[in-house]
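What follows is one structure encoded as C-alpha coordinates, with my remarks underneath.
Numbering (my numbering), first residue to last: 10 to 73.
See below:
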(Lines of atoms letter the chains of each structure in order from A and count residues from 1; the text may use other names and numbers.)
(Lines give C-alpha, C1' and ligand atoms only; values in the text may rest on other atoms or scores of the structure.)
Protein backbone atom coordinates (compact mmCIF):
# COMPACT_ATOMS: atom_id res chain seq x y z
CA UNK A 1 0.00 0.00 0.00
CA UNK A 2 2.81 2.42 0.81
CA UNK A 3 4.46 1.83 -2.57
CA UNK A 4 1.19 2.82 -4.29
CA UNK A 5 1.26 6.18 -2.52
CA UNK A 6 4.86 6.85 -3.49
CA UNK A 7 4.08 6.48 -7.19
CA UNK A 8 0.84 8.47 -7.06
CA UNK A 9 2.58 11.58 -5.73
CA UNK A 10 4.91 11.55 -8.73
CA UNK A 11 1.99 11.25 -11.15
CA UNK A 12 0.14 14.13 -9.47
CA UNK A 13 3.11 16.45 -9.02
CA UNK A 14 3.24 19.71 -10.92
CA UNK A 15 5.76 20.28 -13.65
CA UNK A 16 6.62 19.26 -17.16
CA UNK A 17 6.82 15.61 -18.01
CA UNK A 18 6.33 13.39 -21.02
CA UNK A 19 2.98 11.74 -21.54
CA UNK A 20 3.23 8.09 -20.49
CA UNK A 21 3.55 5.59 -23.33
CA UNK A 22 2.65 8.16 -25.97
CA UNK A 23 5.88 9.52 -27.40
CA UNK A 24 9.59 9.02 -27.01
CA UNK A 25 11.55 11.19 -24.62
CA UNK A 26 13.34 12.81 -27.57
CA UNK A 27 10.03 13.67 -29.23
CA UNK A 28 8.80 15.13 -25.96
CA UNK A 29 11.96 17.21 -25.59
CA UNK A 30 11.72 18.40 -29.19
CA UNK A 31 8.06 19.39 -28.72
CA UNK A 32 8.90 21.35 -25.56
CA UNK A 33 11.77 23.12 -27.33
CA UNK A 34 9.51 24.11 -30.23
CA UNK A 35 6.86 25.35 -27.81
CA UNK A 36 9.30 27.48 -25.80
CA UNK A 37 10.94 28.89 -28.92
CA UNK A 38 7.60 29.83 -30.52
CA UNK A 39 7.45 33.63 -30.66
CA UNK A 40 3.65 33.62 -30.48
CA UNK A 41 3.76 31.94 -27.05
CA UNK A 42 4.12 34.47 -24.28
CA UNK A 43 3.42 34.50 -20.57
CA UNK A 44 0.51 36.93 -20.88
CA UNK A 45 -1.30 34.60 -23.32
CA UNK A 46 -0.60 31.54 -21.19
CA UNK A 47 -1.91 33.17 -18.02
CA UNK A 48 -5.14 34.58 -19.53
CA UNK A 49 -7.31 31.53 -18.65
CA UNK A 50 -5.92 31.45 -15.11
CA UNK A 51 -6.53 35.16 -14.57
CA UNK A 52 -10.06 34.84 -15.95
CA UNK A 53 -10.83 31.90 -13.66
CA UNK A 54 -9.38 33.83 -10.73
CA UNK A 55 -11.63 36.83 -11.40
CA UNK A 56 -14.69 34.57 -11.71
CA UNK A 57 -13.81 32.80 -8.46
CA UNK A 58 -13.32 36.08 -6.62
CA UNK A 59 -16.61 37.46 -7.93
CA UNK A 60 -18.46 34.28 -6.94
CA UNK A 61 -16.87 34.10 -3.50
CA UNK A 62 -17.29 37.80 -2.68
CA UNK A 63 -20.95 37.86 -3.77
CA UNK A 64 -21.89 35.25 -1.15
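Built from N, CA and C at the ideal position, the CB exists for glycine as well. None of these values were measured; they are calculated from a predicted model.
Reduced DSSP secondary structure (H/G/I, E/B, other) of residue i
i, result
"residue 48", "coil"
"residue 63", "helix"
"residue 33", "coil"
"residue 53", "helix"
Other residues of its chain near residue i: CB distance less than 8 Å, five sequence neighbours each side excluded
i, result
"residue 44", "50"
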